Every structure is written in C-alpha cells, then in structure tokens.
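Here is the structure we will look at.
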Amino acid sequence: MADATDNPQTSKKPLLTDINTLRERARAHLRDGAVTQGYRGDREKVISLLNEALATEIVCTLRYRYHYYMASGINAKSIAAEFLEHANEEQAHSDLLAKRITQLGGKPNFNPEGLTTRSHAEYVEGDSLVEMIEENLVAERIAIDSYREAVQYIGDDDPTSRRVLEDILAQEEEHAEDLGTMLEDLGRKGEPSEVALKAAKKR
664 MADATDNPQT
674 SKKPLLTDIN
684 TLRERARAHL
694 RDGAVTQGYR
704 GDREKVISLL
714 NEALATEIVC
724 TLRYRYHYYM
734 ASGINAKSIA
744 AEFLEHANEE
754 QAHSDLLAKR
764 ITQLGGKPNF
774 NPEGLTTRSH
784 AEYVEGDSLV
794 EMIEENLVAE
804 RIAIDSYREA
814 VQYIGDDDPT
824 SRRVLEDILA
834 QEEEHAEDLG
844 TMLEDLGRKG
854 EPSEVALKAA
864 KKR
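Here you go:
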C-alpha cells in the first residue's frame, strides 16, 4: 500500500498547525476576540466595505418602508406586501453586517449624517407604483454589482465576511427577480417610466 505522503494531492496541502501552538496563540491574543493570527484580510478595508454595505442596506430598508406606506392603486396591496417583506429582509442584512463588523473589532456606522453618501444605492421615492418598483430594482442591481465586487476582493482572506456578503447577495438577486416580475405583471418590463429615464440621465 502506498504511503499517504506519496500522494501528490496530499503533499500539496499545507500542514496543519499543531494543537499546542494553537493553544498558545489563543491565550496570547485574547483581546483580539474573533480575529486570530490566521486572519489574512486587510481588516480596516474589510470593515470599510462592510460599513458601506451597512449604509446601503439601511437606505434600502427606509426606501422600501416608505414605498410600503405610499403604495396606492389597484395592484397596490400585493406589491406593498412585497415591499414590506423586502424591507424586513434588508433590516436583517443590516444586523448581519453590524454583527460581523463588531466581530472584526470595528464599529458599525449607524450615524444618519452622511448615510446616503456612504450608501451605494440611492433613496428615491418615486411618485407612482411603477416608479417605486423601478427605483427599488435599480437599487437592487447596484447592490448586486457592489456586493459581487466586494466578495471578489475579499476572496479567501476572510471567508466569514465573504460568506455574509454572499448570503446577502443571493437574497438581493431574489429581490431583483421579484421586482422584475412585478414590472412584467404590470406590463412595463423593459419600459422604464419617463421619470426613471430622466433620473438616469442625471446620474
């Protein structure tokens, strides 16, 4: 029988740190909390990315809640219910991000001053049901792209933060799909309103 060390696949894997070394490291750096010596990310940069994501989620929560209360018209009841569901899920995303930021030894930035500047998505109210759906879809698409880039940047340096963003990204993609279906049901898929077109030209 061949020895395991003769297997080229096995020999490529990094050796595991012995248990005594792990114990010594854990005791020597107690004040670092969840961040151990094995952490390879740029902690300050990752915290900054997570705080930008946090601001984005807060703005999206506020926008969805506004649309929930302001939705009106023949199709408003079911769409407003979707807005509220999305708002609650965006709030849950905020909690996940804030928790991870504190695990990394950072401070989640909930300061309302400069919130819309830190956020990647905008807070646009919209006057009609169609415009509300469009603005939410634009915001979700922005979040999808920005979170995907953050995931790629973090890579394997911080698997936990990457996983948090990946889970949020997956749900934002679901939101975008839901909103696209709403527009399709209203007969407006692929046909942005005049207000949306004017706003796009200003950006």
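Counting the sequence shown from 1 gives a position; this note's numbering is that position plus 663. We put the CB at the ideal spot given by N, CA and C, even for glycine. Please read all numbers here as calculations on a predicted model, not as lab measurements.
Going by DSSP in three states, residue i sits in which element: helix, strand or coil?
i: F773; result: coil
i: E788; result: coil
i: I764; result: helix
i: H838; result: helix
i: N714; result: helix
i: L849; result: coil
i: G843; result: helix
i: H749; result: helix
i: A744; result: helix
i: D758; result: helix
i: S824; result: helix
i: Y729; result: helix
i: K864; result: Note that K864 scores 45 on pLDDT, short of 50, meaning its location in the model is unreliable and no value can be drawn from it.
i: A667; result: With a pLDDT of only 46 at A667, under the threshold of 50, the placement of this residue in the model should not be trusted, and no figure is reported.
i: S735; result: coil
i: D705; result: coil
i: S809; result: helix
What residue from the options has the CA that sits closest to residue i's CA?
i: I721; options: A750, A744, S741, I742; result: A750
i: Y810; options: L759, E798, E835, A739; result: E835
i: K762; options: L747, D820, A716, T724; result: A716
i: I708; options: L747, Y731, R726, L767; result: First, the residue type needs correcting, since residue 708 is Lys and not Ile in the sequence shown. The option with the nearest alpha carbon to K708 is L767.
i: L725; options: S791, A784, L713, T844; result: A784
i: I805; options: T719, L792, D705, M845; result: T719
i: L747; options: G769, D830, Y732; result: Y732
i: S711; options: Y786, I764, E794, S791; result: I764
i: M845; options: P822, K740, R728, C723; result: K740
i: G769; options: E829, H838, P822, L713; result: L713
i: T779; options: N738, L759, A802; result: A802
i: D790; options: I742, N772, H730; result: H730
i: C723; options: L800, D705, L759; result: L800
i: R826; options: D705, R728, L759, A839; result: L759
i: D830; options: I742, Y727, V814, D705; result: V814
i: L792; options: R728, R706, I742, G843; result: I742
With 16 as the cutoff for other CB atoms within 10 Å, does residue i come out buried or exposed?
i: G736; result: exposed
i: I817; result: buried
i: G850; result: exposed
i: E812; result: exposed
i: S774; result: Before going further, note that residue 774 is Asn rather than Ser in the sequence given. N774 comes out exposed.
i: E776; result: exposed
i: E788; result: exposed
i: S646; result: Residue numbering for the chain in the displayed model covers 664 to 866; residue 646 lies beyond these limits and cannot be assessed.
i: E798; result: buried
i: E847; result: exposed
i: S782; result: buried
i: A744; result: exposed
i: D821; result: buried
i: E794; result: buried
I'd like to confirm something about residue i: is its beta-carbon nearer than 6 Å to some heavy atom of the ligand NAP, or not?
i: Q754; result: Among the components of this structure there are no ligands whatsoever, and the ligand NAP is therefore not found.
Between the region 752-760 and the region 830-845, are three or more C-beta pairs nearer than 8 Å?
-> yes
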